[in-house]
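Those letters in the sequence shown? Residues 1 to 99, per our numbering, in order. Quick reminder that beta carbons are idealized off the backbone N, C-alpha and C, glycines included.
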Amino acid sequence: MSEAAGKLGVDTATIRNLMNAGYLTAAPKSQKSSERWRVVDEASVTMFGEHYISATDLARELRRDPANLCRELYKNGVEPLIFNGENRIIFRRRDVKDR
Numbered sequence: 001m002s003e004a005a006g007k008l009g010v011d012t013a014t015i016r017n018l019m020n021a022g023y024l025t026a027a028p029k030s031q032k033s034s035e036r037w038r039v040v041d042e043a044s045v046t047m048f049g050e051h052y053i054s055a056t057d058l059a060r061e062l063r064r065d066p067a068n069l070c071r072e073l074y075k076n077g078v079e080p081l082i083f084n085g086e087n088r089i090i091f092r093r094r095d096v097k098d099r
C-alpha cells in the first residue's frame, strides 16, 4: 500500500479508501497464503494514475500552493473525486487539463 500511495501522491489511508470504493483492486494471492494484509494490484494503480491526479501532485506540476489551487478549481467548477464521503484531494486529469 505504501508503494501505491507513493506513486499516486496520497497516504495509505486514501489507498485503503480507494480500494474499498472499488477504484483500486487487490492483487490476487494464492489460496494457501496466510497473509492477512492486502496488496494493491500494480496495474490498477497505473490505470488509476493515468486518469486521476492528487491535488499535491497537480500543485507541484503547476508550481502552485495546493490549497489555493483546490480553491481555484472548485470556483471553476472542477469537482474532486468523492469517495468515502469526504475525500476531496484527487481530481480527474481530463477535468484539470481543460482548466
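| query | Tell me which same chain residues have a C-beta within less than 6 angstroms of the C-beta of cysteine 70, skipping the five on either side of it? | reply | Numbered from 1 along the sequence shown, position 70 holds the residue referred to as residue 70. Here the set comprises Ala55.
| Is the distance from the Cβ of serine 44 to the Cβ of leucine 73 below 7 angstroms? | Translated into the one-based positions of the sequence shown, residue 44 becomes position 44. Translated into the one-based positions of the sequence shown, residue 73 becomes position 73. No, Cβ-Cβ distance for serine 44 and leucine 73 is not below 7 angstroms.
| query | What is the rounded straight-line gap between the Cα of isoleucine 90 and the Cα of leucine 8? | reply | Position 90 of the sequence shown, counted from the start, is the residue given in the question as residue 90. Position 8 of the sequence shown, counted from the start, is the residue given in the question as residue 8. Isoleucine 90 and leucine 8: Cα-Cα distance of roughly 9 angstroms.
| task | Return the chain-ordered ranges of every alpha helix (DSSP H) run that is complete within the stretch 60-85 and spans a minimum of 4 residues. | result | 66-75
| field | First and last residue of the uninterrupted beta strand (DSSP E) at isoleucine 15 | value | Translated into the one-based positions of the sequence shown, residue 15 becomes position 15. Isoleucine 15 -> not in any beta strand (DSSP E); alpha helix (DSSP H) instead, spanning 12-20.
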